[in-house]
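Q:
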Amino acid sequence: MPAFEWDGSEEKARERRIAERRQRVQERLHIHQIKASSQQDGSIINDANLSTTKPKQQATQSAAAVRQALQDALQAASAVTLAAAQRVVRHREACNAEEAELRGQVAWEAEESRHESQAIEAEWRQAQEIRHPQGLHAAIQAVSAHCQRVLERKDGSLDAIRALLRVRDEQYIKLLQAQGQETDSLIATMHAQHGRLRGVQERELEAVEGAYMQERAELLAVQKGEVEALLARRSAVEQEFLEQYLAACEQYEGELERLRVAGLAEHGALKRRLEADVAALELHPDGIRATHALNTDKLDYNYRVLVERERESNDALLQQKRRITRQWAALNRLRKRHAAADARCAADNVRLSDEYQQVARAFNHLQSKFRRFKAADLSRFEQVRGMKEAELSELLEQLLEAEHLICSYVVGLPADSGAAAGSGPSSAGWKGTDVSQQEEGSCRQPLLEVVGTALATANAAGDTAREAAVVGDGAARGQLIPAFYPVAAGGGEGDAAGSEGACGQLGALAAAELSGSLDSGALSLLLEQSGRRLDGQKLGVWLQLVPATGPEGLVSAVAVGRCLGLQHETSVDALQLLFGSIAGCGSVAVAVAGAVSAEACLAEGGDACEAGEAGERNPAAQQAFSLEQVEQGLARLVILLLGPSASDAAEPRQQQGAAGASSRTEMQPSSKQYWQAWADAMLPPAVPHFWGLLEKQANSWLATLQGRTAMADEVVALQQENERLKASLAGLLSSPLNSELQLPPTLLLR
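Sequential numbering from 1 applies to the sequence shown in UniProt numbering.
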């Protein structure tokens, strides 16, 4: 038999009380409804009400009896558990007292042992002072006896602890046995209480069921009487309805007889009236004949009027036919003029097309010559710059010494600040200029700044954009875009040292170069005039100039950097990371196999750009991006440069000293100075001459196109006049007056 489990938690008791309260409220509402609906038959409702409350009372009494039995069972179980808990408490108190007594003995023994140990140490020190063997042996024997007494005392304490542990084990076993007996007695009590509660519940359920069955029988008896009363009432109502129906039938028969007599009288009156109408109609034909004669005279008059109107309509129709014939003749003359003008315009179009092809070929020839001249000029400029580089270095060294002298002795700035202002990054001038110190001579080696990028696009052959730039010595080439400058075969140790010195400032160079491009460089040309954001139309035209590096029109970060006029590899790496982050969000990015090279052909016999080696040295150029990714990346770049983070990052650089900050502000070039330097470096005096020739050819081509536009406008005007005449002719032909007009089939087909 399974153990009886009773959950007497407070939560279930509260829910049970709530349910009983709701049941009592429902009973009261039911009683009020019965009283409100049974005011006419009070005796029956009172009996039904009394019979309805009897089962509820029995159920309430049964629930109270069950709760009392449950309370008794809980008290019996609580008595057993309370006795066990009291016994456990007494045992625990006795154990605590014994442990306290034993703990006191151990503490006393420990204190005594401490005193004995001190005495033993004193005896041992005294023994160490004895010099003869017999006295030393006697002292050692005394110390040993003393130690033996201390050990015996400790063994006694240990035996007492072990005896207490054995007593505790025996008490624990007895306690377990007592708990087992109490558990068995508690389980037996719970089984007995379960059986008693089950019997009480069954008896109470039978009593409640009997009360409900008795209530059911009483309700059936009451409802049976009500049904019989309702049936008797229905029979009386049916009898009354039948009597009313028979009376209505007799009334309707009398009404029908009265209507029949009235109909016969009305029929006689109508017959007499119809006879009078027939007599009047016999006299009506004479008046009809007179009316017919009058209508005949009116019809004759209308016929003569219609004949005259038809004659006038025929005359108007003939006039319309003659007018249409004249319009057709005019239309034929206009068609002949239009055909002649069309033939003349076609001949002029062929002639002008031939002239346009000749001009285009001449333009392409001039453009190819311009590219060759440009490459030759750049090669010549590079040679001159190589020859004058030592002189420029000396001049720059003198300029720096003069600046140091002015700052230190004239202006009165400290020597360290002047040196920092002359040798730090702020003295470099524009973006792209780098000054490095040599270890051997402690002299500053200047670098020529990169002034920009020259773009030239071919209109017919689809050639990629050519770039050309002027760079400094080998120390700056390590951090510039490789395709901008051909790396020399033997760089030397100085170039490597300069590259290592510049590698520490890649982040600063990228930020400075991109900020300069946003302020007065190529990137500023893509911004709107009203707000500092990218202009979509300008950006679309600029993206068409970027040379594609893939089969699907994809471009690389190196090509974008060249078109923006960037000079350092760190700036291109920043663009690569930015475009890569855009591509990582779901856009398509194609890794181009091989090095990305740009055609940068120089003059005849000049040095060619080693684009293949540049692609191998720059792994970032191996990846290509779509124009949409480039547009999104440039938009994000503008937001980063104009946002608070860029300004916060620029503040520390601007606050490196009053003298350094003022010198950087004064040395920062404006947009006009930047582009003036760009033009002076990239356009030798011979280049504008060829541009003038090209402009003259373009003006001639524009005049030809304007002449063709005027002739095309005349043709369009003639076509509009022809359409207007056709519309007027169609309106005349669709007129209702021309329904009888007969035209030749040829004219109708036209």
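The beta carbon of each residue, even a glycine, is placed where N, CA and C say it ideally should be.
Quick caveat: nothing in here was measured; it's all calculated off a predicted structure.
Given this structure, state the Cα-to-Cα distance separating GLU121 from GLN128, to the nearest angstrom.
A: 10 Å
Q: Relative to the C-alpha of ARG333, which residue among LEU725, GLU250, GLN105 is closest?
A: LEU725
Q: In angstroms, rounded to a whole number, what distance separates the CA positions of PRO133 and SER144?
A: 16 Å
Q: Rounded to whole angstroms, what is the Cα-Cα separation between ASP159 and LEU70?
A: 53 Å
Q: Pull up the distance between the alpha-carbon of ALA77 and that of GLN105, whole angstroms please.
A: Those two C-alpha atoms are separated by around 43 Å.
Q: Under three-state DSSP, which class holds LEU205?
A: The answer is helix: DSSP assigns LEU205 an H, G or I state.
Q: So is LYS374 buried or exposed if we call it buried at 16+ other beta carbons inside 10 Å?
A: It is buried - the Cβ of LYS374 has at least 16 other Cβ atoms within 10 Å.
Q: Assign VAL558 to one of two classes, buried (16 or more other C-beta atoms within 10 Å of its C-beta) or exposed (fewer than that).
A: buried
Q: May I ask you to report which of helix, strand or coil DSSP gives HIS132?
A: coil
Q: Just the Cα atoms here: how many angstroms apart are ARG16 and ALA85?
A: 31 Å
Q: Whose C-alpha, out of LEU246, ALA63, ALA512, GLY195, is nearest the C-alpha of THR570?
A: ALA512
Q: Run the proximity test for GLY731: is its beta-carbon closer than 7 Å to any non-hydrogen atom belonging to the ligand ATP?
A: Within the structure as shown, the ligand ATP is missing, as the structure has no ligands at all.
Q: Spell out a yes or no on whether the stretch 24-32 and the stretch 165-180 are touching, meaning 3 or more CB-CB pairs, one atom from each, closer than 8 Å.
A: They do not touch, by the three-pair rule.
Q: Per the DSSP calculation, PHE363 is bridged to which residue(s)?
A: DSSP output for PHE363 lists no bridge partner at all.
Q: Looking at VAL555: is its Cβ nearer than 8 Å to the Cβ of ALA635?
A: no
Q: Quick one: grab the DSSP three-state call for GLN567.
A: coil
Q: Rounded to the nearest angstrom, what separates GLU109 and ALA97 at their Cα positions?
A: A straight line joining the alpha-carbon of GLU109 with that of ALA97 spans about 18 Å.
Q: Could you check which residue in ALA64, PRO285, ASN364 has the C-alpha nearest to that of GLU695?
A: Of the residues ALA64, PRO285, ASN364, the one whose Cα lies closest to the Cα of GLU695 is ASN364.
Q: Tell whether a beta-carbon distance below 8 Å holds between LEU642 and LEU514.
A: No, these two residues do not count as a Cβ contact at 8 Å.
Q: If LYS538 and LEU526 are in contact, beta carbons under 8 Å, what's the gap, nearest whole angstrom?
A: 5 Å
Q: Assess, as a yes-or-no matter, whether the stretch 214-230 is touched by the stretch 51-66 under the definition of 3 or more beta carbon pairs within less than 8 Å.
A: yes
Q: In the structure shown, what three-state DSSP assignment does VAL555 receive?
A: VAL555: strand per DSSP, three-state reduction.
Q: Between VAL630 and LEU534, how many whole angstroms is the CB-CB distance? I'm expecting something under 8 Å.
A: Contact flag wrong, Cβ pair sits at about 11 Å.
Q: Report the start-end ranges of each alpha helix (DSSP H) in the stretch 213-296 that is 4 residues or longer and not cut off at the edges.
A: none
Q: How is ALA624 classed by DSSP in three states: helix, strand or coil?
A: strand
Q: Tell whether a beta-carbon distance below 8 Å holds between LEU578 and SER517.
A: no
Q: Nearest to ALA100 by CA position, among LEU164, GLY199, ASN349, is which residue?
A: For the options LEU164, GLY199, ASN349, the alpha carbon positioned closest to that of ALA100 is the one of LEU164.
Q: At the level of alpha carbons, what is the spacing between GLY195 and ALA94?
A: 39 Å
Q: In whole angstroms, give me the CA-to-CA distance for ALA73 and GLN23.
A: Distance between ALA73 and GLN23, taken at the CA atoms: about 27 Å.
Q: State the beta-bridge partners of LEU527 as determined by DSSP.
A: In the DSSP secondary-structure assignment, LEU527 is bridged to LEU534.
Q: Determine the contact status of HIS146 and GLU111, defining contact as a CB-CB distance below 8 Å.
A: In this structure, GLU111 does not lie closer than 8 Å to HIS146 by Cβ.
Q: Using DSSP with H/G/I as helix, E/B as strand and the rest coil, what is PRO55?
A: helix
Q: According to the Cβ coordinates, are SER62 and ALA207 closer than 8 Å?
A: yes
Q: Mind checking residue 819: buried by the 16 CB within 10 Å criterion, or exposed?
A: The structure shown does not extend to residue 819, since the chain spans only 1 to 750, so no value can be given for it.
Q: With a threshold of 6 Å on Cβ separation, who are the neighbours of ALA730 within its own chain once the five nearest residues in sequence on each side are excluded?
A: none
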